[in-house]
Structure formats: structure tokens, C-alpha cells
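I have placed the structure first, in the form of C-alpha cells, so that the comments after it can refer back to it.
2 protein chains.
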Amino acid sequence: MSYLYFVVYLNHKRSPIEMFSKKCEYGIRAAILIAGESLKGQRISLKYISEQIGSPNAFTAKILQTLTRAGLVDSQKGPTGGFEIPIEKLSQITLHDIVEALDGSQIYNGCGLGLAECSEDHPCPIHEHFKLVRADLKAMAHRANLLDLSTGLIKGFTYLKTACPKKIKFIKDKKVLNSITE
Amino acid sequence: MSYLYFVVYLNHKRSPIEMFSKKCEYGIRAAILIAGESLKGQRISLKYISEQIGSPNAFTAKILQTLTRAGLVDSQKGPTGGFEIPIEKLSQITLHDIVEALDGSQIYNGCGLGLAECSEDHPCPIHEHFKLVRADLKAMAHRANLLDLSTGLIKGFTYLKTACPKKIKFIKDKKVLNSITE
DNA sequence: AAAATTCGGGACAAAATTATCCTTTTATAC
DNA sequence: GTATAAAAGGATAATTTTGTCCCGAATTTT
Chain A
0 MSYLYFVVYL
10 NHKRSPIEMF
20 SKKCEYGIRA
30 AILIAGESLK
40 GQRISLKYIS
50 EQIGSPNAFT
60 AKILQTLTRA
70 GLVDSQKGPT
80 GGFEIPIEKL
90 SQITLHDIVE
100 ALDGSQIYNG
110 CGLGLAECSE
120 DHPCPIHEHF
130 KLVRADLKAM
140 AHRANLLDLS
150 TGLIKGFTYL
160 KTACPKKIKF
170 IKDKKVLNSI
180 TE
Chain B
0 MSYLYFVVYL
10 NHKRSPIEMF
20 SKKCEYGIRA
30 AILIAGESLK
40 GQRISLKYIS
50 EQIGSPNAFT
60 AKILQTLTRA
70 GLVDSQKGPT
80 GGFEIPIEKL
90 SQITLHDIVE
100 ALDGSQIYNG
110 CGLGLAECSE
120 DHPCPIHEHF
130 KLVRADLKAM
140 AHRANLLDLS
150 TGLIKGFTYL
160 KTACPKKIKF
170 IKDKKVLNSI
180 TE
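Going down the list, the sequences are from chains A and B. Numbering that gives the first Met the number 0 applies: residue 0 is where the first sequence begins, and numbers increase by one. Numbering that gives the first Met the number 0 applies: residue 0 is where the second sequence begins, and numbers increase by one.
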């Protein structure tokens, strides 16, 4: 007698194309979490961060190193150490700052078709069409700051981790299922 | 006696993050070129396409296969063969159709932070901020069609290839320079 | 001082994207 | 028919992105 079980697992792979790289997505999520905890006077560890935002631990460590070196986040070693952002800086740090540090500003400045030379004088076919999109994205990234982004989180209005899985795989064999879910 | 030479070369590597994948960029450029030539009653070959849009030949072949299988482009084998798009279909095929076939629609539908579950009811912190950008991008991609995109090209108002190089590398040694540029 | 905890950073591994090579198939022209 | 020109498609390689492992450095607690 065999049953149909299903096992669910998160995947960390970047979908064919998203707006930001995985590095940047994790970085933004981490920064918002740190911002929220900093507002509450808490310093938080890498372990806690990767648990809360559902990101791979060691990869997140590299990203936080980058943000720390960029001066966007403060780090402290040793027990009781961790990451934090001074409250007074929260409203000054924008989404743009995070993206710039991790992905660069190609996304708002580059040509939509990847041409090196694409400008008003020498436009690609979608140059005009792309203007508005790029301008919106750029304005949004400069407007959104860590204070605003983290208050929604603290109030429970927004979320940083998906409760729902990305990939669902069906497994008939109970033993196989248990070997994966144990 | 040594001089300072510089050698210039195009790079086909995707920058850290752009709006579309390289595959999609080449696909869009190829489709617009084919559209323009089709308007002039010409069928064009892979070789001509990759020369005109400055894309790697074999990679472009794969992309055109995908577009052909998706029914967006017609292909014909043999001498005088090549790629074309029936004129009457040009205004019906949108940027969205090309992107959808090559990259999927994740870019306008997916969460900006990569969360699997991100919606009005369970939003990520940047969900509201991203709405406008995504909507603009989606609307633009549905609005822009191959007829419009290719007429600018035919009239010489827009370009599909960069005259200007992406990377510049300085090389002092004349022998090294010659070995590269020969 | 020793132990424990946490970040820093180098080396390495896996996966996805980007790109190349080469053979087969199909159609045209001679 | 034969040669030729072009797309189709399989296999493979290079590069980049994503992710892991492990050890060292710094800081706090005991």
C-alpha cells in the first residue's frame, strides 16, 4: 500500500530573471531586519539574520561583510556582538545605497538592451520606452529608506520570509520522504 | 622605446545586473532586426543577424530557435533561407512576447525581494514601493510592438549595435598588442 | 587566563548563464 | 543528382553567480 506524500523545500536559486541578484535581495532583506532590530535597541547575529530572512548562512555572511565595509552596517565581534545600524542613520540609508553596494547602479543607468553606447543621441530601439521605467525605479530606490522600510516590518504589516514554498516536489515513497524531511 | 597602445574589445558578459538576461537582450535585438528587414521584404540569415547586432553566433542560434519554436519568428532552411516575420504579425508581437519566451514573466510578476509568497495580503517591505515600477515595465512591454520598434531602426533613428566598446584595456607592449589585434 | 561566541576572510564547490564546436537535416541552385 | 547554403540540435566548455567549509581574529563571560 503506497501513499502520495509531498515534501516541500525552499530554493535559493535565482529565477531566470528578477529585478535584483540574489546577493542583493538577501542584502536588502538583511538590512531591513537589522534596521528594525536596531530601532528596538537590539544588535543581531548572522545566525539570527539568516534564520529570519531564510537565506544561506555563509553567503549572507559575505553580503554583510560588503555592507559593513561600505559603512552601511556596523558589526561587532565576540559574544553579544552582531550587526546593527545607528538609529540616526536609518532614515539616511536608502534602498539605492544597498543596491549600489551590492549590484552596482547598472540597473538604472544601463541600456535595456545591454548596449554600451545608448543615449539620447544614439538610442537603442527601446530607449525611449524604458525611460519612465528606469526613472521610476531610480526615484523609488532613492526615496525608500531603512527607517520607513523597517517600521512596516516591526508593526507586522510586512514580511521578510516566505511561509509558502517555491518548489513542490511530490514523493510517493514514505522512506524517501522521511530521509529528506528528518 | 615603448609606447602606450590601447586595444579595445567588446564583451558579451552580462553586467552584474541588468534588466534582462543576455539571452533576452540578444533575442530582442534580433527580433527587431528581423522585423525591420521583413518590412523591407528581406529574409535574413543567422550570420547576418549576429553580425548586425554584435552577438555571439552560436548563442544567437539557440535564441532564434526558441523564438521560432514559440512561433514569434519564421525560419526557412537551405540557401536563400533565414529568418523573417510576416508583416501582418509585426504589430501583434510585443516586447512582452519576446521576454516571456526567453526570460519568463518573473520580472514583472515576481517579488522584488525574491519572496515566493508576496502579495497584497502578505507583502514584502518594498511591495508597495515596487508596484508602480512593475506596472510601468509591464505596460511598456505590452505596448511596445515589433512594428513600432523596427521603424525607428529602418529610419536610422535607433541602433542595435554599439559603436563604442564596453571595456578598454591598456597594453604597453607592441608585440602583445599585435598578437591580440592581428 | 580560558572558554565561548561572533565576525572576517580565504579557498573551494555547485549551479546557472553564457558561449562554442561539430554533426545532421532541409532546401535551393546548378 | 550533386554541391551548396542555411537552420536544427547535441555535446561540451568558459564564466559568473550562488553557496559552503574551515580557520583565524576579536570580544565578552566565566
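For every residue, glycine included, the Cβ atom is placed at its ideal position computed from N, Cα and C. Since the model is a prediction, treat every value here as computed from it, not as a measurement.
How big is the Cα-Cα spacing for residue i and residue j?
| i | j | result |
| --- | --- | --- |
| residue 90 of chain A | residue 138 of chain B | 32 Å |
| residue 52 of chain A | residue 154 of chain A | 17 Å |
| residue 125 of chain A | residue 107 of chain A | 14 Å |
| residue 31 of chain A | residue 114 of chain B | 14 Å |
| residue 187 of chain A | residue 81 of chain B | This structure cannot settle anything about residue 187 of chain A, because the visible part of chain A is limited to 0 through 181. |
| residue 74 of chain A | residue 42 of chain A | 9 Å |
| residue 9 of chain A | residue 62 of chain B | Because the pLDDT at residue 9 of chain A is just 39, under 50, the model does not fix this residue reliably, and the point stays unresolved. |
| residue 17 of chain B | residue 102 of chain A | 9 Å |
| residue 127 of chain A | residue 121 of chain A | 11 Å |
| residue 104 of chain B | residue 79 of chain A | 44 Å |
| residue 12 of chain A | residue 130 of chain B | Since pLDDT at residue 12 of chain A reaches only 45, below the 50 mark, its modelled position is unreliable, and the value read off the structure follows with that caveat. Those two C-alpha atoms are separated by around 23 Å. |
| residue 119 of chain B | residue 110 of chain B | 11 Å |
| residue 123 of chain A | residue 117 of chain A | 6 Å |
| residue 39 of chain A | residue 148 of chain B | 52 Å |
Could one say the Cβ of residue i lies closer than 8 Å to chain A's Cβ atoms, at least one of them?
| i | result |
| --- | --- |
| residue 99 of chain B | no |
| residue 28 of chain B | yes |
| residue 79 of chain B | no |
| residue 124 of chain B | yes |
| residue 105 of chain B | yes |
| residue 136 of chain B | yes |
Within this structure, are the beta carbons of residue i and residue j separated by less than 8 Å?
| i | j | result |
| --- | --- | --- |
| residue 93 of chain B | residue 143 of chain B | yes |
| residue 136 of chain A | residue 27 of chain B | no |
| residue 19 of chain B | residue 132 of chain B | no |
| residue 34 of chain A | residue 84 of chain A | yes |
| residue 37 of chain A | residue 86 of chain A | yes |
Quick one: residues in its chain with C-beta nearer than 7 Å to the C-beta of residue i, no 5 flanking neighbours on either side, listed in chain order?
| i | result |
| --- | --- |
| residue 96 of chain B | 71 |
| residue 14 of chain A | With a pLDDT of 47 at residue 14 of chain A, under the threshold of 50, the modelled position of this residue cannot be trusted, and the question is left open. |
| residue 160 of chain B | 51, 52, 53 |
| residue 178 of chain B | For residue 178 of chain B, the pLDDT reaches just 42, beneath the cut-off of 50, and the residue's location in the model is therefore unreliable, leaving the point undetermined. |
Answer yes or no: does any C-beta atom of chain B fall closer than 8 Å to that of residue i?
| i | result |
| --- | --- |
| residue 159 of chain A | yes |
| residue 64 of chain A | no |
| residue 84 of chain A | no |
| residue 50 of chain A | no |
| residue 141 of chain A | no |
| residue 128 of chain A | yes |
| residue 31 of chain A | yes |
| residue 87 of chain A | no |
| residue 235 of chain A | Outside the displayed range of chain A (0 to 181) lies residue 235 of chain A, so it cannot be described from this structure. |
| residue 70 of chain A | no |
| residue 146 of chain A | no |
Identify, in the order they occur along the chain, each residue of the same chain with its Cβ nearer than 8 Å to the Cβ of residue i, setting aside the five sequence neighbours on each side.
| i | result |
| --- | --- |
| residue 158 of chain B | 152 |
| residue 46 of chain A | 56 |
Which residues in the same chain have their Cβ closer than 6 Å to the Cβ of residue i, if we skip the five residues on either side of it in sequence?
| i | result |
| --- | --- |
| residue 54 of chain A | 25 |
| residue 60 of chain B | 45 |
| residue 67 of chain A | 74 |
| task | Mind listing, in chain order, the continuous beta strand (DSSP E) runs of no fewer than 3 residues lying wholly within the region 50 to 92 of chain B? | result | With a minimum length of 3 residues, the continuous beta strand (DSSP E) runs that stay inside the region 50 to 92 of chain B are 73 to 75, 81 to 83.
| query | Which runs of the alpha helix (DSSP H), 4 residues or longer, sit entirely within the region 90 to 156 of chain A? | reply | The region 90 to 156 of chain A contains these whole alpha helix (DSSP H) runs: 94 to 101, 105 to 108, 126 to 142, 145 to 153.
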